[in-house]
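Just so you know, the sequences run in chain order S and W. In this note's numbering, each number is its position in the first sequence, counted from 1, plus 49. In this note's numbering, each number is its position in the second sequence, counted from 1, plus 14. By construction, the Cβ of each residue, glycine as well, lies at the ideal position given by its N, Cα and C atoms. Notes follow once the structure below has been shown.
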Amino acid sequence: MLDLVIKNGKVVDGSGLPAFVGDVGIKDGVIVKVGRVTEPAGTTVDASGQVVAPGFIDPHTHFDAQLLWDGAAKPAIEHGVTTIVPGNCSLSLAPLKAEHRMKLVGMFNQIEEMPHKAFAEGVEWNWETFEEFVARIGKDLDINVAPLIGHSVLRLWVMGDDSMKRTATEAETQAMCDLLDQCLSAGAIGLSSSFVDMDERLQPVPSRYADTVELDALCVVLSQHNKILQVVHEFFDNDLTLARIDQLADISLKHGINTTLSPLFVSHDNAESAQQIMARIVEQTDRGARVWPQVQTRPIDISFNFSVPSLLFIRLRKWYALMRFNTPEQIIAQLQHAETRAALVAEAQVMMSLWERLVLRQVQSEANQALVGKTLKEIAEIRHSDALNVMIDISLEESLEAHFLSADMGHNDDQLVGELLQHPNVMIGASDGGAHILSFATYGDTGYLLGHFVRDTAYLGLEAAVKKITSDPANLWGLGNRGLLREGFVADVTVFDEVTIDRGIEHFVQDVPGDGFRYVRDAHGVNTVVIGGAVAYDNATGYHDAHRGQIIG
Amino acid sequence: MQTAQTTLSARRRSIHPQAGDTWQTIAKREMPSEPAEAAVAQLQSWNLHVFARRVIDDATGEMGNPILPSDILFLEPPLSGGQ
């Protein structure tokens, strides 16, 4: 007697081989047969007309905090994602000494735009070591979690405040290596680092104070465990990106490890750079190195309101400081101060073409509802003003709760992005799931891949696309027997309709601790998601709270 | 597949800073035949990602542009035509 059988589906098994019609039999959390299953089962899922694929793997997320109040990492599962990799970009929530908690929260707030209030009201700080953290999130886990260890966090643990001042001594480097070794032995799947990020005081994060000796020593430990290194590189600069690729290639060859860098974007203004980057990746791959750029599927859209510091303003120091270091009441007061407002307007003039393209997406007052959906240029014409002053005026009228959308900021040319996604040396990743919750929805990238780039524009075949979000990341990130529909593999399965799968419209929900909001996207066309052999979600009844998620390491 | 000894296509020469490096020490070590002041100016112009960076020095409260140990520093201008 099987526990579960998925019948008569179009089986796309994650290998990239052609699909076939068949059944998937599951018992004790493991796939026991793929083909024609005649044995009876406790539960039967009719997948006629549906695709049956391995559960999707999202290798670049920041769900670290959300997992403390939501073991399903909603809405990841309903998009077909069964495994997430948190702890990217040098930031993880463990190991973490009590005295460093607020410093790390500040980094999450600045880099991943996670609100302070969510940490304050959603997190019970009852761990320090990685083992304690894993035990904490492991309770009632619905989704599989394959955590990375943040380099900045290792430095904080060993060096304290000095981690943001200087290189490590030999003894400190050894202590970091010992700590990483301990974490990898306890289930971490690798190390993440950053060459670009800054904390909320706009100071470089600890990993940026590591010299090559320290990074090399940590990679020795990764090599001993055969684990991956992830880095955030200077993605905005072509020459620096090429140099980082060479650095990672040398690390990969020396230590025999996988490395990945993220993100890589492509638009008309950097198409030639992206070609050079991929040529360098191929060249280094031919040399025997393993360096994998991560590319996201979705275009870049950013939403914001004036009460939360937005990365859109990071180059405008007066504006960014206003949003970063003031309460909403103080921001309103400063915008009402004629002299301050004039200085802000003067600074932001240089980006007028951007302000004009912004769309007013959400307001609270009835008076301004008629303006929702219009560009600020259109509203400026109505109000006989300019886009920048309109943006300020409406923000004041709405007590800063006016939301603006900057759509299609890049990475939005189907041909350029499609060709990059289909490249054999590209990993699909960089979703940033769980982060930037007040700027854009980081969910539904897999639906967008299968809907837009497979069905609608045909840049990838169905089997190739499924492979890129299942067995490829499982292999690269070292996730063991996952990512394929094969006997003996863990039964993580996603059943979806290839005709309707997509990401839904981005919308604002209030489900963050501390009465907080975030942007999310619902899923379209995902029918059933099985995690660890049990149905975790189906589109008729929703989440099943099966709690079969595991820490993978 | 080629090997680790395979010669790569042209690359823009770069280094990682050594402990205690300043613009002056890097210029002296990497560009010994150039006049010191000119070498520093050239280095800074090729590395605006570092030179134009503004970071508050916790000790002094002053804005500075420290060379960070993880930085990549270029020793020549961008290659013509990219790679």
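> Name the chain W residues that come within less than 8 Å of Ala259(S), Cβ to Cβ?
Replying inline: Pro83, Ser84
>> Among the candidates Thr261(S), Thr222(S), Lys367(S), Arg215(S), whose CA atom is the shortest distance from the CA of Val254(S)?
In response: Arg215(S)
>> Buried or exposed, going by whether 16 or more other CB atoms sit within 10 Å of the CB of Pro124(S)?
In response: buried
>> Quick check on Asp342(S) - is its C-beta less than 8 Å from some C-beta in chain W?
In response: For the record, residue 342(S) in the displayed sequence is Pro; it is not Asp. With 8 Å as the cut-off, Pro342(S) does not count as an interface residue toward chain W.
> For Pro26(W) and chain S, any beta-carbon pair shorter than 8 Å?
Replying inline: First, the amino acid is wrong: residue 26(W) is Arg here, not Pro. It does; some Cβ of chain S falls within 8 Å.
> Between the segment 256-263 of chain S and the segment 382-390 of chain S, do at least 3 Cβ pairs fall closer than 8 Å?
Replying inline: no
>> Are the CB atoms of Leu87(W) and Pro46(W) within a distance shorter than 8 Å?
In response: no
> Anyone know if the C-beta pair for Ser256(S) and Ser139(S) falls short of 8 Å?
Replying inline: yes
> Taking the C-alpha atoms as reference points, what is the distance between Thr222(S) and Thr110(S)?
Replying inline: 27 Å
> Who does Ala90(S) pair with in a DSSP beta bridge?
Replying inline: Leu51(S)
> In chain S, which residues lie with their C-beta within 9 Å of the C-beta of Phe88(W)?
Replying inline: Asp288, Leu289, Ala292
> Assuming Met476(S) contacts Thr309(S) under a Cβ cut-off of 8 Å, what Cβ separation, rounded to an integer in Å, is found between them?
Replying inline: 6 Å
>> Please classify Gly602(S) as buried or exposed, where buried requires at least 16 neighbouring CB atoms within 10 angstroms.
In response: buried
> Cβ of Val439(S) within 8 Å of Cβ of Gly422(S)?
Replying inline: no
>> Any C-beta of chain W within less than 7 Å: which residues of the segment 205-223 of chain S qualify?
In response: Thr216
> Among the residues of its own chain, which have a CB less than 8 Å from the CB of Ile238(S), if the five just before and after it don't count?
Replying inline: Val134, Ala195, Pro196, Leu197, Lys276, Ile277, Trp526, Gly527, Leu528, Ile601, Gly602
> Is there a Cβ from chain S that is less than 8 Å from the Cβ of Ala33(W)?
Replying inline: yes
>> Helix, strand or coil, according to DSSP, for Gln324(S) in the structure here?
In response: helix
> Going by DSSP, which residues form a beta bridge with Ala572(S)?
Replying inline: Arg552(S)
> With burial defined as no fewer than 16 other Cβ atoms inside 10 Å of the residue's Cβ, what is the status of Leu57(W): buried or exposed?
Replying inline: buried
> How many Å lie between Gln97(W) and Ala328(S) at the Cα?
Replying inline: With a pLDDT of only 42 at Gln97(W), under the threshold of 50, the placement of this residue in the model should not be trusted; the figure read from the coordinates follows. Looking at the two C-alpha atoms, the distance is approximately 9 Å.
> Who are the Cβ neighbours of Arg25(W) in its own chain at under 7 Å, not counting the five residues just before and after it?
Replying inline: none
> Cα-Cα, which of Val245(S), Val579(S), Phe453(S), Asn588(S) is closest to His596(S)?
Replying inline: Val579(S)
> Taking 8 Å as the CB-CB cut-off, is Leu22(W) touching chain S?
Replying inline: yes
> So what's Tyr586(S) in DSSP terms, helix, strand or just coil?
Replying inline: strand
> For the alpha helix (DSSP H) that Gln273(S) lies in, which residues bound it at each end?
Replying inline: 261-274
> What does Pro92(W) touch in chain S if you count any residue whose Cβ is under 7 Å from its own?
Replying inline: Asp288
>> What would DSSP say about Ser28(W), mapped onto helix, strand or coil?
In response: strand
> If we cut at 8 Å on Cβ distances, does Glu283(S) have a partner in chain W?
Replying inline: yes
> Over what stretch of residues does the beta strand (DSSP E) that includes Gly84(S) continue unbroken?
Replying inline: 79-84
> What span of residues does the alpha helix (DSSP H) with Pro522(S) cover, start to end?
Replying inline: 520-525
>> Does Ser488(S) come out as helix, strand or coil in the three-state DSSP assignment?
In response: coil
>> Could you check whether the segment 447-456 of chain S touches the segment 73-85 of chain S, counting it as contact only if at least three pairs of C-beta atoms, one from each stretch, sit closer than 8 Å?
In response: no
>> Looking only at its chain, what residues have a beta carbon closer than 8 Å to the beta carbon of Asp299(S), apart from the 5 residues adjacent to it on each side?
In response: Ala338
>> Can you pull out the residues from the segment 224-246 of chain S whose beta carbon lies closer than 7 Å to at least one beta carbon of chain W?
In response: Phe244
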